[in-house]
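Enquirer: Before we start, here is the structure in question, set down as structure tokens.
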Amino acid sequence: MEDPNQAIWPDFSTEEYNKACLQLVSDTVDNEQAAWILESLWEINNNREKAQWAACKAEEAWQAQEVEEQAAEEHAEQLQCVCEEEETAHLKEHKKYKAKFTPIHNIKAPTRPVNIPTPYASPKLLKGEYCELYFFTNAGLAEAESFNSSIDDEALTLLKTNNGQHLWVPASSTRDKASIIKDKDLTWEQFREAAIHMAKAMKDHDWPEESIKMHVDFWLVLESHPWHHSLHKHYKCSLLLYQSQQHQHWH
6 MEDPNQAIWP DFSTEEYNKA CLQLVSDTVD NEQAAWILES LWEINNNREK AQWAACKAEE
66 AWQAQEVEEQ AAEEHAEQLQ CVCEEEETAH LKEHKKYKAK FTPIHNIKAP TRPVNIPTPY
126 ASPKLLKGEY CELYFFTNAG LAEAESFNSS IDDEALTLLK TNNGQHLWVP ASSTRDKASI
186 IKDKDLTWEQ FREAAIHMAK AMKDHDWPEE SIKMHVDFWL VLESHPWHHS LHKHYKCSLL
246 LYQSQQHQHW H
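Numbers 6 to 256, taken from the numbering used here, label the letters of the sequence shown in order.
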């Protein structure tokens with residue numbers, strides 16, 4: 006369909022349109038009036054075609070806008086997916102190579118001894134698993150200090166797994182349960198030593214501040230509990246037993 010707005014107005018008084026005019030000529034309509042009637046009919050038809058043309062162009066423009074908006078939306082979604090994938094990859098890289106992205110501030114050299122738990126306790130603390138307080142008492146830390154990793158890392162021991170299989174594992178990663186003092190059997194002095202050292206070790210192993218505070222607050226409540234100052238020994242032992250149970254439930 007050609008644009009009716011570009012149509013040339015015909016001259017119906019010319020010889021080209023004589024035949025059409027003669028069909029309208031009568032006793033009451035002469036040639037000039039017949040030409041005028043033809044012009045009016047042409048104008049009416051042209052206006053109708055203009056309206057159809059405008060509606061068609063409006064529909065085409067609307068469809069084009071729909072296509073453009075859909076393409077823009079799809080492009081935005083693709084960009085969002087790319088950004089999310091890049092962010093995920095970035096987070097994975099940060100997590101995998103944590104030391105690479107950890108900012109190094111102007112850290113002062115330590116002015117006091119650094120207490121390092123045994124190779125058995127450190128992985129448990131790093132994973133947030135339950136670990137006996139004994140390893141953070143003065144005796145447990147002294148034992149860790151005497152550990153020779155260059156020799157003990159080469160030693161293997163046979164360990165039975167939960168599914169019944171036996172595996173050879175480094176002896177440093179296992180401990181004889183009989184040599185560990187259970188939390189409930191610690192003295193109050195050992196408990197205080199362990200609470201202080203373990204809170205510091207939690208911070209060194211990047212525990213959340215909220216989790217560290219939860220443990221410290223719990224231990225402080227036990228320290229200030231009336232039973233702690235009771236003359237009856239079994240009251241004090243009950244507090245240590247309660248601490249042992251709650252400590253395991255939190256892991």
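The C-beta atom is built at its ideal place from N, Cα and C for all residues, glycine as well.
Being a predicted model, the structure only gives us computed values, none of them experimental.
With burial defined as no fewer than 16 other Cβ atoms inside 10 Å of the residue's Cβ, what is the status of residue 142: buried or exposed?
Expert: So residue 142 ends up on the buried side.
Enquirer: Evaluate residue 206 with the Cβ neighbour count: other Cβ atoms within 10 Å of its Cβ, from every protein chain shown; 16 or more gives buried, anything less gives exposed.
Expert: Per the 10 Å Cβ criterion, buried.
Enquirer: By DSSP, does residue 17 sit in helix, in strand, or in coil?
Expert: Three-state result, residue 17: coil.
Enquirer: How about residue 232 and residue 244: are their beta carbons less than 7 Å apart?
Expert: Result yes, Cβ atoms of residue 232 and residue 244 sit closer than 7 Å.
Enquirer: Counting only the same chain and skipping the five closest in sequence on each side, list residues whose C-beta sits under 8 Å from that of residue 241.
Expert: Taken in chain order, the residues that qualify are 193, 232, 233, 235.
Enquirer: Starting from residue 185, trace the alpha helix (DSSP H) both ways and give me its first and last residue.
Expert: From DSSP, residue 185 is part of no alpha helix (DSSP H); its letter is neither H nor E.
Enquirer: Give the DSSP-derived three-state secondary structure of residue 9 in the structure shown.
Expert: The answer is helix: DSSP assigns residue 9 an H, G or I state.
Enquirer: May I ask you to report which of helix, strand or coil DSSP gives residue 222?
Expert: Here residue 222 sits in helix by DSSP.
Enquirer: Do residue 138 and residue 199 come within 7 Å of each other at the CB atom, strictly closer than that value?
Expert: Closer than 7 Å, so yes.
Enquirer: Starting from residue 67, follow the alpha helix (DSSP H) in both directions and report where the run begins and ends.
Expert: Here the alpha helix (DSSP H) through residue 67 covers 36–101.
Enquirer: If you compare alpha carbons, which of 23, 190, 151 is closest to residue 238?
Expert: The residue with the shortest Cα to Cα distance from residue 238 is 190.
Enquirer: Tell me the residue span of the alpha helix (DSSP H) that contains residue 193.
Expert: Element bounds for residue 193: 193–209.
Enquirer: With DSSP collapsed to three states, give me the class of residue 227.
Expert: Helix at residue 227.
Enquirer: Once the 5 residues before and after residue 20 are set aside, which same chain residues still bring their CB inside 6 Å of it?
Expert: Nothing listed; no residue qualifies.
Enquirer: For the alpha helix (DSSP H) containing residue 251, list its first residue and its last residue.
Expert: From DSSP, the alpha helix (DSSP H) with residue 251 extends over 238–254.
Enquirer: From residue 187 to residue 85, what does the alpha carbon distance come to, in whole angstroms?
Expert: Cα to Cα, the separation comes out at about 53 Å.
Enquirer: Measuring only the C-alpha atoms, how far is residue 155 from residue 144?
Expert: Any reading at residue 155 must be qualified, since the residue scores a pLDDT of 49, below 50, and its modelled position is unreliable; the value itself is stated next. Their Cα atoms are separated by approximately 22 Å.
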